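A.B. asks: Sending over a structure as structure tokens; questions will come in a sec.
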Amino acid sequence: RGRAAGHRGPDIRRAARWADVTLHVQSARIDYRAPDRLDITRKSGTDGLFLAPSWKILRPALDAMRAGRTEDAWSAYVPAYVAEMKASYRAHHAAWAALLARDRVVLCCYCTDPDHCHRAILRARILPALGAVDEGEVRA
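For our numbering, count along the sequence shown from 1 and bump the result up by 352.
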């Protein structure tokens with residue numbers, strides 16, 4: 353319990369609790385500018401690249417959404433992205449631990465629909481499962 357399937361490294365959630373820090377997470381469009389910003393895109397992300405979807409799942413989802421098949425794209429994309437984040441959690445222990453040790457972060461990407469975007473999956477589903485507090489989308 354408390355570890356991703358097959359994970360043999362330190363329990364990141366426990367480490368974050370030891371630090372007595374609770375991450376407060378929001379999400380926003382890429383043009384959000386503040387010190388708590390983290391670009392989580394495949395296109396321009398550097399520090400947040402471990403949270404970006406692969407082109408393998410991103411391209412088909414974007415193509416389907418452009419063709420008006422948003423719900424079909426989303427129903428395939430969500431489980432694929434969650435699986436990628438489970439692999440990222442196992443492969444990038446230090447990056448996940450550093451993220452969870454922060455007080456606050458705003459996850460930023462290019463998607464115009466905040467409800468159909470990986471930033472929403474991270475903010476509302478994945479990071480809260482690791483002890484973070486979801487504070488919603490930043491509204492301009």
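No residue lacks a Cβ here, since even glycine has one placed at the ideal position from N, Cα and C. Remember, predicted model here, so these are calculated numbers, not experimental data.
Val485 bridges to which residues according to DSSP?
C.D. replies: Walking along the sequence shown from the start, residue 485 turns up at place 133. Its beta-bridge partners are His376.
A.B. asks: Considering Cα atoms alone, identify which of Thr422, Ile382, Asp388 is closest to Asp455.
C.D. replies: Mapped onto the sequence shown, residue 455 falls at position 103. Closest by alpha carbon: Asp388.
A.B. asks: Measure the alpha-carbon distance for Ile478 versus Ala413 and round it to whole angstroms.
C.D. replies: Along the sequence shown, read from residue 1 onward, the residue named residue 478 stands at position 126. Along the sequence shown, read from residue 1 onward, the residue named residue 413 stands at position 61. Looking at the two C-alpha atoms, the distance is approximately 19 Å.
A.B. asks: In chain order, which beta strand (DSSP E) runs of at least 3 residues are fully inside the segment 392 to 479?
C.D. replies: The qualifying runs are 456 to 461.
A.B. asks: Where does Arg381 sit, in a helix, a strand or coil, going by DSSP?
C.D. replies: Here residue 381 corresponds to residue number 29 of the sequence shown, with the count starting at 1. Strand, per DSSP.
A.B. asks: Excluding five sequence neighbours on each side, which residues of the same chain lie with their C-beta closer than 6 Å to the C-beta of His470?
C.D. replies: One-based indexing of the sequence shown puts residue 470 at position 118. Only Pro405, Tyr433 meet the Cβ criterion.
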